[in-house]
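K.L.:
This is the structure I have questions about; it appears just below.
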Amino acid sequence: MTRFGFVMANLFRRKTRGTLTLLSVVSAFLLFGLLQAVHVLFNAGVDFVGATRVVTQARVSFTSALPLRLLSEITAIPGVSEVMHETWFGGVWQTNTPLTTFATVPEQLHAVYPEWVMPEAEWRAFAATRTGMIVGRQVADQFGWKVGQKIPLASNIYPRKDGSKAWAFDLVGIFDGKDENWQRQTTQEFINYAYFDEENQFGRGNVNIYVEKLKQGADPAAVAHAIDARFENSTDETKTQTEREFNVGFVKQIGDIGLIVRWILSAVFFTLLLVVGNTMAQSVRERIPELAVLKTLGFTDASVLGFVIAEAAAFCILGGLIGLALATGVGALVERKLGGFLPLAVDAGVWATGFAAMVAMSLAVGLLPALRAKRLNIVDALAGR
Amino acid sequence: MSEPMVAVRDVTKVYVRGAQRVEVLHGISLEIPRGDFVALMGPSGSGKTTLLNLIGGLDQPSSGEVEVAGRRIDRLAGNALSHWRSENVGFIFQFYNLMPVLTAADNVELPLLLTRLPAAQRRRNVEIVLQIVGLADRARHRPNELSGGQEQRVAIARAIVSDPQILVCDEPTGDLDRATADEILKLLQTLNREHGKTIVMVTHDPKAAEYAGRTIHLDKGRLVDGAVAA
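Sequence order for the protein chains is V and X. Using our numbering, you'd call the opening residue of the first sequence number 27 and step up by one each time. Using our numbering, you'd call the opening residue of the second sequence number 564 and step up by one each time.
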């Protein structure tokens, strides 16, 4: 037997209580890992390294429109190879199935996103059909849509000129992703901007964002800076960022994610402190005589303090490691499912923060019971006083 | 004459509980030679356990001197006293006080974690003392799988595994039936006679005291008879 073995034996002296406490720590750190990854994702600085495309939106918000006339000016910026624009259409299928539909120019989409793979005939049909629509493979599979089908969609944003919210598109193509990662992102639809712009009741000649494909070797940060500088102090100031940052900003519409995450984590850890703290306090209280025997045998006050702290640490660190390992797996799974749309990585930074939280929690929940154990008077404790 | 194992000189012990001041021992002096087996007897509240705690280094006298195994332990405190206990005294309690989460062998090994002995040597020592107390075949059992007598044997094995000079026993048979108590007392007698352990045993039981070589009586914190003057 070792001192470590002694600590571990005491950890599960009451199996149900020990297991439930451990599970609560595991759950807390699973949540911590995932939320911390979200927190990091939403608070990371702009990183242009490796970017092959940048996204330009109105400086205030991507929900504010940018005029179509910026297209030619952006195309002229050095380092920009191709430019496309996108406008959020949304759309509702049948009664209540929201879709992710964008209005764009078919040729531009094809040029800027070679990752979308579709027969050339279907690309041509998309360009030639004003009411044309192409959909990702996953969407087509989900709804059983076939090329040639008429797709009626409702729009909650854009009424048609006649006031109706009912739109109808001709499905002219189904696109795939160039690889497994892109295939997982085939969850969106594109419609022809020309038809959308002509048919909707308001906001003609406006788009939500521009996506710029960069020339080989172009510096993404420099191009982004040049685009924003081009429209500085104009009525259409822009904010250019990587696709990743844009995606994050898209999700940030929900609210202040960082604040939400902090509040949830605070609540989780406060509850955890109570749960594990109570377990440790109970555990020490119910074996006062045993701790007194340890001292009788010659274990010093510091050793007894160490045993109790070590038990608290074992709960927190064992549960924390399992929780973070699960969070890493779940994070990777979520990222895979979202096809890299949101890179939810439980990375080394999250692990380091998690480990610091484990150590801090061990001290927070273990110190008071440990001090109580340390201060035990042997004679009183053995006499049950 | 050789140095006594225990020398208590003019010891008083006063407990203060709130506003109350209780003097439990009044100027006790006694000597216990090496290799002696002494029973401490007396009515409840006579100070037997308090005296035993002072001899075992679990408590400090309010005044006077306590010398055990050649060391003035009334001058020791904190870690020094803990180390001294781990090297010199084996404790046996009425209710065994084993760790319920550990096996018999692990319970016995516990004091050896305070030594520098390697794990293999610790295990060998544990086997030897479990054989001495007749429980080699119960090494892997937990306390709740043992009878009261067996638990007390494990406690005795734990008390002797680090080869202390003196065993301090507080009512070691108080929770056992007569036959089992006799077995435990015989075992203590064997440890005294064959292994040379000095034993100081508090007991209410006159039959238990018969196993000791000498009986010291206390009453109201004073020695009544049987003590060798220090």
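Don't be surprised by glycine CBs; every beta carbon is placed ideally from N, CA and C. Keep in mind the model is a prediction, meaning the values are calculated, not measured.
Can a CB atom of chain V be found closer than 7 Å to the CB of X:A654?
P.N.:
Walking along the second sequence from the start, residue 654 of chain X turns up at place 91. Correcting the residue identity first, residue 654 of chain X is Phe in this sequence and not Ala. So, interface residue.
K.L.:
Pull up the DSSP beta-bridge partners for V:N218, would you.
P.N.:
Reading the first sequence from its first residue, position 192 is the one you call residue 218 of chain V. Its beta-bridge partners are V:T130.
K.L.:
Report yes if the CB atom of X:L661 is closer than 7 Å to the CB atom of X:V717, and no otherwise.
P.N.:
To locate residue 661 of chain X, count along the second sequence from 1; it is residue 98. To locate residue 717 of chain X, count along the second sequence from 1; it is residue 154. Yes, they are a contact pair.
K.L.:
Does X:V664 have its Cβ less than 7 Å from a Cβ in chain V?
P.N.:
If you number the second sequence from 1, residue 664 of chain X lands on position 101. So yes, X:V664 belongs to the interface.
K.L.:
Three or more C-beta pairs closer than 8 Å, one from the segment 48-57 of chain V and one from the segment 345-353 of chain V: is that the case here?
P.N.:
Cβ pair count under 8 Å is three or more, so yes.
K.L.:
Our contact map puts X:G620 next to X:V652 with C-beta atoms below 8 Å; I'd like the distance itself, whole angstroms only.
P.N.:
As a first step, residue 620 of chain X is located in the second sequence; it is residue number 57 there, counting from the start. As a first step, residue 652 of chain X is located in the second sequence; it is residue number 89 there, counting from the start. Between X:V652 and X:G620 the Cβ distance is about 6 Å, and since that is below 8 Å, they are a contact.
K.L.:
To the nearest angstrom, how far is the alpha carbon of X:Q728 from that of V:L61?
P.N.:
Your numbering for residue 728 of chain X matches position 165 in the second sequence. Your numbering for residue 61 of chain V matches position 35 in the first sequence. Each residue's alpha carbon lies about 60 Å from the other.
K.L.:
For the alpha helix (DSSP H) that contains X:Q715, what are its first and last residues?
P.N.:
As a working mapping, residue 715 of chain X is identified with position 152 in the second sequence. G711 to I723 is the span of the alpha helix (DSSP H), which, as asked, contains X:Q715.
K.L.:
I need the straight-line Cα distance from V:L402 to X:D726, nearest angstrom please.
P.N.:
Position 376 of the first sequence, counted from the first residue, corresponds to residue 402 of chain V. Position 163 of the second sequence, counted from the first residue, corresponds to residue 726 of chain X. Cα to Cα, V:L402 sits roughly 26 Å from X:D726.
K.L.:
Give the residues of chain V in contact with X:E672, contact being defined as C-beta atoms less than 7 Å apart.
P.N.:
As a first step, residue 672 of chain X must be located in the second sequence, where it is residue number 109. Simply M27.
K.L.:
Taking the beta carbon of V:W193 as the centre, do at least 16 other beta carbons fall within 10 Å, making it buried, or is it exposed?
P.N.:
The residue labelled residue 193 of chain V in the question sits at position 167 within the first sequence. It is buried - the Cβ of V:W193 has at least 16 other Cβ atoms within 10 Å.
K.L.:
At a cut of 8 Å, does the segment 78-92 of chain V reach the segment 210-226 of chain V through at least three beta carbon pairs?
P.N.:
At 8 Å Cβ cutoff, the stretches do not touch.
K.L.:
So V:N36 contacts chain X; which residues on that side make the cut at Cβ distance below 7 Å?
P.N.:
Numbered from 1 along the first sequence, position 10 holds the residue referred to as residue 36 of chain V. Under the 7 Å cutoff, chain X gives V664.
K.L.:
Within 10 angstroms of its Cβ, does V:K204 collect 16 or more other Cβ (buried), or is it exposed?
P.N.:
For the purposes of this step, residue 204 of chain V is identified with residue 178 of the first sequence, where counting begins at 1. V:K204 should be labelled exposed.
K.L.:
Is there contact here, the segment 107-121 of chain V with the segment 250-261 of chain V, by at least three beta-carbon pairs under 8 Å?
P.N.:
The segment 107-121 of chain V, when compared against the segment 250-261 of chain V, does not touch it at the 8 Å Cβ threshold.
K.L.:
What does a CB cutoff of less than 7 Å around V:V51 pick up in its chain, not counting 5 residues either side in sequence?
P.N.:
As a first step, residue 51 of chain V must be located in the first sequence, where it is residue number 25. The answer, listed in chain order, is L298, V302, F341, C342, G345, G346 and G349.
K.L.:
Of all the residues that make up the segment 314-327 of chain V, which are near chain X by a beta-carbon distance shorter than 9 Å?
P.N.:
Per Cβ criterion, the list reads P315, E316, A318, V319, L320, K321, T322, L323, G324, F325, T326 and D327.
K.L.:
Just to confirm, are V:V138 and V:V249 a CB contact at a threshold of 7 Å?
P.N.:
For the purposes of this step, residue 138 of chain V is taken as residue 112 along the first sequence, with counting starting at 1. For the purposes of this step, residue 249 of chain V is taken as residue 223 along the first sequence, with counting starting at 1. Cβ atoms of V:V138 and V:V249: not closer than 7 Å.
K.L.:
Could you pull out every unbroken beta strand (DSSP E) segment of at least 3 residues lying fully inside the segment 583-623 of chain X, listed in chain order?
P.N.:
Fully enclosed beta strand (DSSP E) runs of 3 or longer: 583-595 and 600-604.
K.L.:
By alpha-carbon positions, which one of V:G199, V:D202, V:K321 and V:A91 ends up nearest to X:G641?
P.N.:
Residue mapping note: residue 641 of chain X aligns to position 78 of the second sequence, counting from 1. Of V:G199, V:D202, V:K321 and V:A91, the residue nearest in Cα terms is V:K321.
K.L.:
Under the DSSP definition of a beta bridge, which residues are partnered with V:F55?
P.N.:
Here residue 55 of chain V is taken as the residue at index 29 of the first sequence, counted from 1. Paired residue(s): none; V:F55 is not in a bridge.
K.L.:
From the DSSP secondary-structure annotation, give me the bridge partner or partners of V:W142.
P.N.:
As a first step, residue 142 of chain V must be located in the first sequence, where it is residue number 116. Looking at the DSSP assignment, V:W142 forms a beta bridge with V:G203.
K.L.:
Cβ atoms of X:V731 and X:L615: under 7 Å apart, would you say?
P.N.:
Translated into the one-based positions of the second sequence, residue 615 of chain X becomes position 52. Translated into the one-based positions of the second sequence, residue 731 of chain X becomes position 168. Result yes, Cβ atoms of X:L615 and X:V731 sit closer than 7 Å.
K.L.:
Over what stretch of residues does the alpha helix (DSSP H) that includes V:G392 continue unbroken?
P.N.:
Indexing the first sequence from 1 puts residue 392 of chain V at position 366. Run containing V:G392: A374 to K400, per the alpha helix (DSSP H) assignment.
K.L.:
Is X:H704 helix, strand or coil when you go by DSSP?
P.N.:
For the purposes of this step, residue 704 of chain X is taken as residue 141 along the second sequence, with counting starting at 1. It is coil, neither helix nor strand.
K.L.:
So the candidates are V:W377, V:N122 and V:V33; which of them puts its Cα closest to the Cα of V:S181?
P.N.:
Position 155 of the first sequence, counted from the first residue, corresponds to residue 181 of chain V. Here the closest residue by C-alpha is V:N122.
K.L.:
Specify, as a first and last residue, the run of the alpha helix (DSSP H) that X:F654 falls within.
P.N.:
Taking the second sequence and counting its residues from 1, one reaches residue 654 of chain X at position 91. That residue, X:F654, is in no alpha helix (DSSP H); its beta strand (DSSP E) goes V652 to I655.
K.L.:
Starting from the beta carbon of X:L676, find every residue of chain V whose beta carbon is closer than 7 Å, and list them in chain order.
P.N.:
Taking the second sequence and counting its residues from 1, one reaches residue 676 of chain X at position 113. Result: R29.
K.L.:
Based on the DSSP secondary-structure assignment, which residues constitute the bridge partners of V:Q267?
P.N.:
Translated into positions along the first sequence, residue 267 of chain V becomes position 241. DSSP output for V:Q267 lists V:V81 as bridge partner(s).
K.L.:
Buried or exposed: where does X:L603 fall if 16 or more other Cβ atoms within 10 Å of its Cβ makes it buried?
P.N.:
Here residue 603 of chain X is taken as the residue at index 40 of the second sequence, counted from 1. That one is buried.
K.L.:
Could you tell me whether the Cβ atoms of V:F201 and V:W142 are closer together than 7 Å?
P.N.:
Working through the first sequence from its first residue, we reach residue 201 of chain V at position 175. Working through the first sequence from its first residue, we reach residue 142 of chain V at position 116. Yes, they are a contact pair.
K.L.:
Does DSSP put X:L645 in a helix, a strand or coil?
P.N.:
The residue labelled residue 645 of chain X in the question sits at position 82 within the second sequence. In the sequence as presented, Leu is not what sits at residue 645 of chain X; that position holds Ser. Helix, per DSSP.
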